[in-house]
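Numbering (UniProt numbering), first residue to last: 1 to 104.
The beta carbon of each residue, even a glycine, is placed where N, CA and C say it ideally should be.
Source: prediction; values computed, not measured.
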């Protein structure tokens with residue numbers, strides 16, 4: 001079995017900086033090893049490419065909200081075959097679909 005884990009996202013304590021995660025609840029790993037993380041306390045989804053020291057904000061932000069570009073405690077992420085991102089937005093009682101840019 002595995003001897004030890006390797007940090008692939010976060011690891012710098014809880015917080016809203018792009019080097020940190022804040023209550024990661026769900027993740028999706030694509031075929032290139034890119035990790036997408038739903039962070040409930042930061043109300044965002046971040047993307048961590050292979051070997052990255054910090055993530056990129058894909059959707060949401062540090063403030064909870066109910067607008068079309070906002071999240072309130074996201075708890076799940078997934079993609080369809082067209083690369084649309086789906087986010088389970090728990091406190092807004094909805095699932096949102098986002099068309100994200102290929103170069104993100």
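If you reduce the DSSP assignment to three classes, tell me which class residue i lands in.
i	result
residue 92	helix
residue 46	strand
residue 58	strand
residue 8	coil
residue 14	strand
residue 32	coil
Measuring from the CB of residue i, is there a heavy atom of the ligand GDP at a distance below 7 angstroms?
i	result
residue 15	As for the ligand GDP, it is missing from this structure, which has no ligand bound.
Measuring alpha carbon to alpha carbon, tell me which residue in the options is nearest residue i.
i	options	result
residue 25	69, 76, 3	76
residue 44	3, 51, 57, 34	57
residue 61	3, 27, 15, 2	15
Given that a residue counts as buried once 16 or more other Cβ atoms are within 10 Å of its Cβ, and exposed if not, what is residue i?
i	result
residue 10	buried
residue 21	buried
residue 5	exposed
What are the boundary residues of the beta strand (DSSP E) that residue i is part of?
i	result
residue 26	24-29
residue 39	35-39
residue 75	74-79
Assuming residue i and residue j form a contact by the criterion Cβ under 8 angstroms, report the distance between their Cβ atoms to the nearest whole angstrom.
i	j	result
residue 59	residue 48	Going by Cβ atoms, the distance from residue 59 to residue 48 rounds to 15 angstroms, so no, they are not a contact pair.
residue 27	residue 50	Residue 27 to residue 50, Cβ: 14 angstroms. No contact.
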